[in-house]
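Numbering (the working numbering), first residue to last: 1 to 148.
The C-beta atom is built at its ideal place from N, Cα and C for all residues, glycine as well.
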């Protein structure tokens, strides 16, 4: 009997390549999210450092120019944090969209793999039946030769 050949092997290979590509893209997006999270955390640390400096200067005394500089610094960090948190949300949305695509591609691939497995099992069963028929024919032929 001929070797098992799944008729949709090319489609399955293509789907697996698509899945791998999507998984790689998702990994890149997740790395971008993690980097952005670290940046936002660093910006918050700078904000709190500037805020602490302002509070300490208020206690010890400061000039108007120094107060304006520190207040301006706080506003700058607030804007930077806001801008980078918006960017972080965009990155998270993109990563979530890509994750959904990965899940869909994984489902497509899994359904084709299950179909391939079923077809292979049916093929194996047919091979086994063919071998059994061949053995039965041999036995019948030997009996016929022995009897004849």
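Taking DSSP as the reference, what is the three-state secondary structure of residue i?
i	result
residue 7	coil
residue 129	helix
residue 63	coil
residue 2	coil
Give me the Cβ distance between residue i and residue j, rounded to the nearest whole Å; I'm assuming they're in contact under 8 Å.
i	j	result
residue 96	residue 40	Going by Cβ atoms, the distance from residue 96 to residue 40 rounds to 18 Å, so no, they are not a contact pair.
residue 91	residue 33	5 Å
residue 22	residue 50	Contact doesn't hold; Cβ gap of about 42 Å is too wide.
At the level of alpha carbons, what is the spacing between residue i and residue j?
i	j	result
residue 76	residue 15	48 Å
residue 44	residue 106	38 Å
residue 31	residue 80	21 Å
residue 56	residue 82	25 Å
residue 67	residue 54	7 Å
residue 122	residue 108	21 Å
residue 138	residue 2	21 Å
residue 119	residue 110	14 Å
residue 4	residue 128	13 Å
residue 72	residue 24	42 Å
residue 115	residue 104	17 Å
residue 130	residue 20	39 Å
residue 62	residue 35	37 Å
residue 42	residue 9	49 Å
residue 145	residue 7	42 Å
residue 117	residue 132	22 Å
residue 65	residue 78	20 Å
residue 143	residue 135	12 Å
residue 48	residue 13	53 Å
With a CB to CB cut of under 6 Å and the five nearest residues on each side skipped, what residues in its chain are close to residue i?
i	result
residue 94	29
Which residues in the same chain have their Cβ closer than 7 Å to the Cβ of residue i, if we skip the five residues on either side of it in sequence?
i	result
residue 37	88
residue 26	95, 98, 99 and 102
residue 140	none
residue 46	77
Output needed for residue i: all residues of its chain with C-beta closer than 8 Å, excluding positions within five of it in sequence on either side, in chain order.
i	result
residue 11	112
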